[in-house]
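Under UniProt numbering, residue 260 is the last one in the sequence shown; the count climbs by one each step, no gaps. Right, one structure below, let's go through it.
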Amino acid sequence: MGGQNGSHVPRLYPSRENVLRNLVDKAFDRPICEALLDQRFFNGIGNYLRAEILYRLKIPPFEKARTVLEALQQRRLSPELTLSQKIRSKLQNPDLLELCHLVPKEVIQLGGKGYGQESGEEDFAAFRAWLQCYGMAGMSSLRDRHGRTIWFQGDPGPLAPKGGRSHKKKSKGAQQSPEDKMEDPPPPSKAPSKTRRTRRGLPEQTTAQQPKRTSLQKDSEVSQITEKRKRRGRQASGLCRPQRIKADTSSLETEGTSAS
1 MGGQNGSHVP RLYPSRENVL RNLVDKAFDR PICEALLDQR FFNGIGNYLR AEILYRLKIP
61 PFEKARTVLE ALQQRRLSPE LTLSQKIRSK LQNPDLLELC HLVPKEVIQL GGKGYGQESG
121 EEDFAAFRAW LQCYGMAGMS SLRDRHGRTI WFQGDPGPLA PKGGRSHKKK SKGAQQSPED
181 KMEDPPPPSK APSKTRRTRR GLPEQTTAQQ PKRTSLQKDS EVSQITEKRK RRGRQASGLC
241 RPQRIKADTS SLETEGTSAS
């Protein structure tokens with residue numbers, strides 16, 4: 001009962017006598033946030049209810065359960081108070097066990113068929129408006145030894161898990177820190193040539209997209225083209241020139257010897 005997302009509304013409530021009579025149980029050696037999920041003593045209390053109850057009383061979630069609950073054994077209302085005065089006193093200054101009754105009743109009074117996101121936008125909106133701590137902006141969270149997230153404000157308490165890192169929920173409209181805003185600058189990129197664009201299947205750049213060139217760049221390109229054409233002309237004329245053929249002196253000398 002009392003589901004992880006708050007979708008279940010408890011109908012049974014913890015027995016004050018059952019809790020205070022059994023404080024020697026090992027369950028109360030644990031943090032109060034974990035003890036509140038023990039259904040033997042806190043039937044009907046789930047994840048969102050424990051967060052809301054501890055938040056209202058400003059009890060650190062990782063305070064030892066026995067330390068918190070032993071103080072309730074000392075609480076005694078004056079016998080001179082009338083019944084209505086006792087009820088009023090409990091409603092105005094409820095302790096933890098009394099809130100284990102009152103907080104679930106508040107949820108029931110919201111009406112609706114349930115309080116998970118699947119229950120309908122109207123019911124879920126009413127439930128979210130009722131929440132003060134669970135999953136709310138500005139609250140911190142830690143995972144208990146069962147792996148369930150407990151939401152709280154302030155100091156987590158002496159039994160907080162070692163090495164556990166508290167996460168604080170930011171509001172949607174909160175400004176990002178400079179570290180959050182920093183991004184790696186994009187690396188400089190060169191526009192691929194026409195041939196490379198064709199291979200990659202990219203559209204060719206239009207004249208409007210091509211970068212403008214200065215007059216100096218244009219003059220330099222014209223002179224380079226003229227020089228290339230001159231070199232090609234000289235190479236072509238060289239192919240048409242008759243090549244000088246050197247006489248084979250050795251063969252001439254042989255012929256002269258044979259003639260003599």
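We put the CB at the ideal spot given by N, CA and C, even for glycine. Note that the coordinates shown come from a computational prediction; the quantities given were computed from them, not determined experimentally.
In DSSP terms, what residue i is bridged to
| i | result |
| --- | --- |
| K64 | P31 |
| I150 | L142 |
Alpha carbon of residue i to alpha carbon of residue j, nearest angstrom
| i | j | result |
| --- | --- | --- |
| L23 | F42 | 13 Å |
| G135 | E80 | 42 Å |
| D144 | T82 | 42 Å |
| G111 | E121 | 13 Å |
| K162 | P156 | 12 Å |
| P60 | F152 | 7 Å |
| A35 | I150 | 12 Å |
| I45 | K169 | 23 Å |
| P158 | K58 | 15 Å |
| V19 | R88 | 23 Å |
| E17 | A137 | 36 Å |
Residue i - DSSP class collapsed to helix/strand/coil
| i | result |
| --- | --- |
| K170 | coil |
| L36 | coil |
| I225 | helix |
| E121 | helix |
| S15 | coil |
| V103 | helix |
| N22 | coil |
| L97 | helix |
| I132 | Sequence inspection shows Gln at residue 132; the Ile mentioned does not correspond to that position. Three-state result, Q132: coil. |
Neighbourhood of residue i by C-beta distance below 6 Å, restricted to the same chain and skipping five residues each side
| i | result |
| --- | --- |
| A160 | F62 |
| P192 | Note that P192 has pLDDT 49, beneath the 50 cutoff, so the model's placement of it is unreliable and the number below is only indicative. Once the five neighbours on either side are set aside, P192 has no close Cβ partner at all. |
| D184 | In this prediction, D184 has a pLDDT of 37, which is less than 50 and means its spatial position is unreliable; what the coordinates show is noted afterwards. Excluding sequence neighbours, D184 sits near nothing in its chain. |
Sequence-distant residues of its chain with Cβ nearer than 7 Å to residue i (five each side left out)
| i | result |
| --- | --- |
| V103 | L49, E52 and I53 |
| G147 | none |
| H167 | S140 and S141 |
| C33 | R50, L54, P61, F62, D144 and I150 |
Item to check | At least 3 beta-carbon pairs within less than 8 Å: the region 126-136 vs the region 57-76 | outcome: Between the region 126-136 and the region 57-76, the count of C-beta pairs closer than 8 Å stays below three; the two stretches do not touch.
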